[in-house]
Structures are given as structure tokens and as C-alpha cells.
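Q: Can you keep this structure in mind? I'll have questions shortly.
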Amino acid sequence: MRCAMILARGVLLEARRTGLPWLALGCVALGIGMAGFLSQLSLTEGGMVQASVVAALFRVCTVFLVAILVVTSVVREFADKSVELVLSLPLSRTSWYLGKLAGYAAAGVTLSAGFALLMLLWSPPAAALAWFVSLALESALVACASLFFVVTLAQVVPALAATSSQLPADTPAR
10 MRCAMILARG VLLEARRTGL PWLALGCVAL GIGMAGFLSQ LSLTEGGMVQ
60 ASVVAALFRV CTVFLVAILV VTSVVREFAD KSVELVLSLP LSRTSWYLGK
110 LAGYAAAGVT LSAGFALLML LWSPPAAALA WFVSLALESA LVACASLFFV
160 VTLAQVVPAL AATSSQLPAD TPAR
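In my numbering, the protein residues as written are 10 to 183.
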């Protein structure tokens, strides 16, 4: 279990050192800009329109950023042969997988928390908390699916395509 926590800490360190924080800040800027634009468009219930559109944008950004982080990180590790090096140590594959999954899920929860704090600008705290919980669980699920597909397919585009095909569609069935 200690090895899995070390791997999770390494994943979080990698997420911090890559462009993930800058991409998240870009999503924040896009969300704030979109909210300002929507405030000028809506005649009634402007706050509700802003909250719903910005929440949808933040949800898509979180899911996309988590999937990209998982897939590109693991593909880079396969290309660098660091996975083989780690698995040559006295470490089970289960520990490696669970450690990586814990790190990616924690990165997703961190992104979700940051976006949920911003959602407090447009929605009440109870609604923002419920939105945070659902987004954190969704990002952990996306991390799990992305990790499964990238380990299975070992390439960026097929793993992202397989992950995106498993995401639920927000459109109602007709």
C-alpha cells in the first residue's frame, strides 16, 4: 500500500509540473468570460443561465483535462520504458495500477474542487457542494476508464476515443 501512495504522489507532482494548471486557468478564464457574456444576453434569470452554462463548461473541461492527463502521462511512461523499470522492482501490477489510479483521481478531485469554488459565484453553497461531489465522482470514473483504455491500447488517440465513447451523453433520448 505504501508503494501505491508513493506512485499517487508522483502522479500529483507530475500533474502540477505539466501544463495542467495553466489549462485549468484557461478554462476558468473562458468560464468567467462566458458568464459575463451571458449576463448581457439574458433578460430574466441571468444568474441561473450563467450557473448552468458555466457548470456545463467546467464539467466538460474537467473530464477532458483528466482524460488527457491520464492518457498522455501513461503513454509517455510506456515510451520511456519507465513502466517496465517500475514493474521490475518488487511491486505488483495491482499496486502500480491502484497507485496511478489514486493519483489521477486525486488530480481530478482537485480540479473539481477548484471549479466548485468558482461555482460559488453563481450558485448557492448547497448546490455547489452537490455539483462538486458529482463532478469529483465523475472525474474519478473518467480517470479509471482512461487508465484502463490506455493500458490496453497503449496509444493516445485510440485510448481517448475509447474513453470518450464511454462517457454519457447529456442529450435526452428520443
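For each residue, glycine too, the CB sits at the ideal point set by N, CA and C. Just so we're clear, the structure is a prediction, and the values are computed from it rather than from any experiment.
Under 7 Å between the Cβ atoms of G40 and L66?
A: Position 31 of the sequence shown, counting from 1, holds the residue named residue 40. Position 57 of the sequence shown, counting from 1, holds the residue named residue 66. Going by C-beta atoms, G40 is nearer than 7 Å to L66.
Q: Between which residues of its own chain and L107 is the CB-CB distance below 7 Å, once the five residues before and five after are set aside?
A: Within the sequence shown, numbered from 1, the residue matching residue 107 stands at position 98. The answer, listed in chain order, is A13.
Q: So, helix, strand or coil for M10, using DSSP?
A: Indexing the sequence shown from 1 puts residue 10 at position 1. Looking at M10 - three-state DSSP - the assignment turns out to be coil, as it is neither helix nor strand.
Q: Would you kindly check if the distance between the Cβ of V62 and the Cβ of L47 is under 7 Å?
A: Taking the first residue of the sequence shown as position 1, residue 47 is located at position 38. Taking the first residue of the sequence shown as position 1, residue 62 is located at position 53. In contact: L47 and V62 (Cβ atoms closer than 7 Å).
Q: Please determine, among G45, M57, F124 and Q164, the residue with the shortest C-alpha to C-alpha distance to L74.
A: Here the question's residue 74 lines up with position 65 in the sequence shown. Per the Cα distances, F124.
Q: Within this structure, are the beta carbons of M128 and A137 separated by less than 7 Å?
A: For the purposes of this step, residue 128 is taken as the residue at position 119 of the sequence shown. For the purposes of this step, residue 137 is taken as the residue at position 128 of the sequence shown. For M128 and A137, yes; Cβs fall inside 7 Å.
Q: Where does P99 fall in DSSP's three states?
A: Here residue 99 refers to the residue found at position 90 when the sequence shown is read from its first residue. Three-state result, P99: coil.
Q: Could you say if the stretch 77-84 and the stretch 150-166 meet the contact criterion of at least three C-beta pairs nearer than 8 Å?
A: The stretch 77-84 vs the stretch 150-166: in contact.
Q: Sorted by chain position, which residues of the same chain lie with C-beta nearer than 6 Å to T180's C-beta, five sequence neighbours on each side aside?
A: Walking along the sequence shown from the start, residue 180 turns up at place 171. The predicted model places T180 with a pLDDT of 44, which falls under 50 and marks its position as unreliable; any figure quoted below should be read in that light. Around T180: no qualifying Cβ.
Q: Run through DSSP, which three-state label would E54 get?
A: Residue mapping note: residue 54 aligns to position 45 of the sequence shown, counting from 1. E54 falls in the coil class under three-state DSSP.
Q: Is the beta carbon of L130 less than 7 Å from the beta carbon of T71?
A: The sequence position of residue 130 within the sequence shown is 121, counting from 1. The sequence position of residue 71 within the sequence shown is 62, counting from 1. No; because the gap between Cβ atoms is not below 7 Å, this pair is not in contact.
Q: Can you find the residues in the same chain that come closer than 7 Å, C-beta to C-beta, to L169, ignoring five residues on each side of it along the sequence?
A: Numbered from 1 along the sequence shown, position 160 holds the residue referred to as residue 169. A76 and V80.
Q: Would you report the Cα separation of A182 and L98, rounded to the nearest angstrom?
A: Sequence index remark: in the sequence shown, residue 182 carries index 173 (1-based). Sequence index remark: in the sequence shown, residue 98 carries index 89 (1-based). Note that A182 scores a pLDDT of 43, beneath 50, so its modelled location is shaky; the value from the coordinates is reported in the next line. Cα-Cα distance, rounded: 49 Å.
Q: Flag this pair as yes or no: are the beta carbons of A24 and A111 separated by less than 7 Å?
A: The count along the sequence shown starts at 1 and reaches residue 24 at position 15. The count along the sequence shown starts at 1 and reaches residue 111 at position 102. Contact: no.
Q: Determine, using beta carbons only, whether A44 and Q59 come nearer to each other than 7 Å.
A: As a first step, residue 44 must be located in the sequence shown, where it is residue number 35. As a first step, residue 59 must be located in the sequence shown, where it is residue number 50. Cβ distance < 7 Å, so A44 and Q59 count as in contact.
Q: So, is G35 buried or exposed, given that buried needs 16 or more other C-beta atoms within 10 angstroms?
A: Here residue 35 is taken as the residue at index 26 of the sequence shown, counted from 1. Label assigned to G35: exposed.
Q: Measure the beta-carbon distance from T172 to S155 and round it to whole angstroms, keeping in mind my assumption that it falls under 8 Å.
A: Working through the sequence shown from its first residue, we reach residue 172 at position 163. Working through the sequence shown from its first residue, we reach residue 155 at position 146. With 8 Å as the limit, T172 and S155 qualify as a contact, their Cβ atoms being about 5 Å apart.
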